[in-house]
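Those letters in the sequence shown? Residues 867 to 1045, per our numbering, in order.
Idealized CB from N, CA, C, for every residue including glycine.
To start, the structure itself, in structure tokens.
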Amino acid sequence: MARLPRLILPGHAHHIVLRGNNRQAIFFSDLDRQQWLQILAEVARQYDVAIHAYVSMDNHVHLLLTPPTAEALSRMMQSLGRRYVGWFNARHRRTGTLWEGRYRAGLIEGERHLLACMRYIEANPVRAGLCAEAAQWPWSSAAHHLGLGRQALITEHRLYWSMGNTPFEREHAYREFMG
């Protein structure tokens, strides 16, 4: 049976989830996560895909992205997967797939859902019991949005910008929104 095509709308935000095969770890160390982020930044730049939020957990990742074209998202994800898996397999002397099938992509409909999705992504480590506050997890965009460190990888969405006229106002409003 043929796979159904994904609904990808250029210029609209999408929530991407990519899981390790059998929910196995896709990161064994900080070096693995650093390499993932480096490759993510490179392929996002290459395909002109804006990254609004992310979190890297042990066995999965969440991304909030806006592609300029439908093809850009699929090509970026394909390149990201191939480059990271090749690097990961060589580093850890393993072979075979790392991913549990294709990545899942959900279109974010309506403006109020975008900020809720961003909060869901960045609060993932808190829900998993890995830290008390989202900003404490070094492998997410939460610290960026909360004003605790800038990340060149992040392109702030216009809805984040609408939370205040200054960076301080936006960061404060987002902190309140995070709860």
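Per-residue DSSP class, three states only, for residue i
i, result
"TRP902", "helix"
"GLY947", "helix"
"VAL921", "strand"
"ALA916", "strand"
"SER1006", "strand"
"PRO876", "coil"
"HIS1038", "helix"
"ILE987", "helix"
Option nearest residue i by Cα separation, candidates the options
i, options, result
"TRP965", "LEU903, LEU1019, GLY947, GLN912", "GLY947"
"LEU884", "LEU897, LEU1025, TRP902", "TRP902"
"MET943", "ARG959, ASN955, HIS918, ARG970", "ARG970"
"ILE974", "THR1021, ALA910, THR1032, LEU931", "LEU931"
"GLU1037", "HIS1010, ALA994, GLN1017, GLN1002", "HIS1010"
"HIS926", "GLY952, ARG985, ILE882", "ILE882"
"PRO934", "GLY1030, ALA982, LEU875, GLY995", "LEU875"
Which residues DSSP lists as bridging residue i, in chain order
i, result
"VAL883", "HIS928, ARG970"
"TRP965", "GLY886"
Cβ distance (whole Å) where residue i is taken to contact residue j below 8 Å
i, j, result
"ILE1020", "ILE917", "6 Å"
Notebook entry, point to check: Does the region 916-936 touch the region 888-898, meaning 3 or more C-beta pairs lie closer than 8 Å?
Noted result: yes
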